[in-house]
Amino acid sequence: MNFIDEWGFIILSNVSIVLLNWNGDEDTIDCLVSLKSLDYPNFDVYLVDNNSENKSITNIKNYLNNDSFYNSVLVEKEDLLGFQKKDETNLVFILNDNNAGFAGGNNVALNYIKDNVFSGYVMLLNNDTIVSEDLLTGLVNKFNESEDIGFVGATHYYYHDKNKLQTVGGGNIDLVHGECSAVTTFGVQEEFDFLTGSCILMSCDVLRNVGVMDEEYFMYWEDVDWSTCARKKGYKLTISDTGYIYHKEGASIKSVSRIYYHTRNRILYMKRNTSGLTYYKFMIYIVLYVLKESTTNFFKNREYSFALLRGLKDALLKII
903 MNFIDEWGFI ILSNVSIVLL NWNGDEDTID CLVSLKSLDY PNFDVYLVDN
953 NSENKSITNI KNYLNNDSFY NSVLVEKEDL LGFQKKDETN LVFILNDNNA
1003 GFAGGNNVAL NYIKDNVFSG YVMLLNNDTI VSEDLLTGLV NKFNESEDIG
1053 FVGATHYYYH DKNKLQTVGG GNIDLVHGEC SAVTTFGVQE EFDFLTGSCI
1103 LMSCDVLRNV GVMDEEYFMY WEDVDWSTCA RKKGYKLTIS DTGYIYHKEG
1153 ASIKSVSRIY YHTRNRILYM KRNTSGLTYY KFMIYIVLYV LKESTTNFFK
1203 NREYSFALLR GLKDALLKII
């Protein structure tokens, strides 16, 4: 994916970095600051705001207006169709007209890149992360190790405990219980069932071949489903052994929402990606599990019980 110019110098292909903001201006600005230290010289940023409060948008605008590194332009989502990014612009701040969730918000930028950027790489990155300076270099080098690599992830450390490993960047899917679990030990495996959506790099060609994320998930499991789509296309999912991110995991997500979407979306995932006996055994398991959990915890934590039941009900309504 890199090129050599007429004098024999290597030209590093551009990386389009996609960030999503939803009322997280402090985290987003911290992330933008950290990106300035990357030792990979050719990148630009597509920052999508997912219909945040005016204060969050204003704070980001103020930062961009007073920062000399970013040459930014503001674009409403409705104006993206006719928008052409100038070469000198290295940050496109896109204002989404609704909160479309993690998948839908990121897809605003991913769809633009898919249709308008014809070479180079794309990196999906959570706004609540801080990157190491060698992150992009490591991801790009890893991607180019083999033609069958589709997605490359990165090591995650906890932001508030920087010596503690959060995940190596990928994980495995349990199709019996409809669960996904991140790998938290180095050297256990080189290929994964899924990569965590907080940091994934691919080429623009891979993005066009695999497509964008499924927006029906809204949040949670969309990265697992996306990874599964890539594997069905014959791509391998791996992680870079160079570079890392510090992740402020779940800074803006309430636990009740997490329970609801995790319950609903694991059922959606299994419906779309399994069949026959595997699917029917899972459905029996998940129905019994939710009924048992919600009944056992009803008087101790009604919010938890109702979130489980709503997740089950809404998933069943979608798949019937």
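Under this note's numbering, think of the first position of the sequence shown as 903, with each following residue one higher. The beta carbon of each residue, even a glycine, is placed where N, CA and C say it ideally should be. On a predicted model such as this, the values are computed, not experimentally measured, just so you know.
Cut-off 8 Å between Cβ atoms - residues of its own chain near Asn1065, not counting five sequence neighbours on either side: Tyr1059
In the DSSP assignment, what are the bridge partners of Asp969? For Asp969, DSSP assigns no beta-bridge partner whatsoever.
CA-CA distance, Val1070 and Leu1193? 34 Å
Could you tell me if Gln986 is buried or exposed, where buried requires 16 or more neighbouring beta carbons within 10 angstroms of its beta carbon? exposed
Val1108 and Phe1053 closer than 9 Å at C-beta: yes
Is it buried or exposed for His1149, if we count other Cβ within 10 angstroms and need 16 for buried? buried
Taking DSSP as the reference, what is the three-state secondary structure of Tyr1023? For Tyr1023, the three-state secondary structure derived from DSSP is strand.
Contact defined as beta carbons within less than 8 Å: I believe Asp999 pairs with Asn953. What is the distance between those atoms, to the nearest angstrom? 6 Å
The region 1035–1043 in contact with the region 1120–1127 per 3-pair CB rule at 8 Å: no
According to DSSP, is Tyr1122 helix, strand or coil? Note: Tyr1122 maps to coil in three-state DSSP.
Residues sharing a beta bridge with Leu1041, DSSP: Bridge partners of Leu1041: none, in fact.
Among the candidates Asn956, Pro943, Asp946, whose CA atom is the shortest distance from the CA of Asp927? Asn956
Express the C-alpha separation of Phe1201 and Cys1131 in angstroms, rounding to a whole number. 41 Å
According to DSSP, is Asn1000 part of a helix, a strand, or is it coil? coil
Per the contact definition of three or more C-beta pairs closer than 8 Å, is the region 1174–1184 in contact with the region 1069–1086? yes
Can you find at least 3 beta carbon pairs, one from the region 1018–1037 and one from the region 1098–1113, that sit closer than 8 Å? yes
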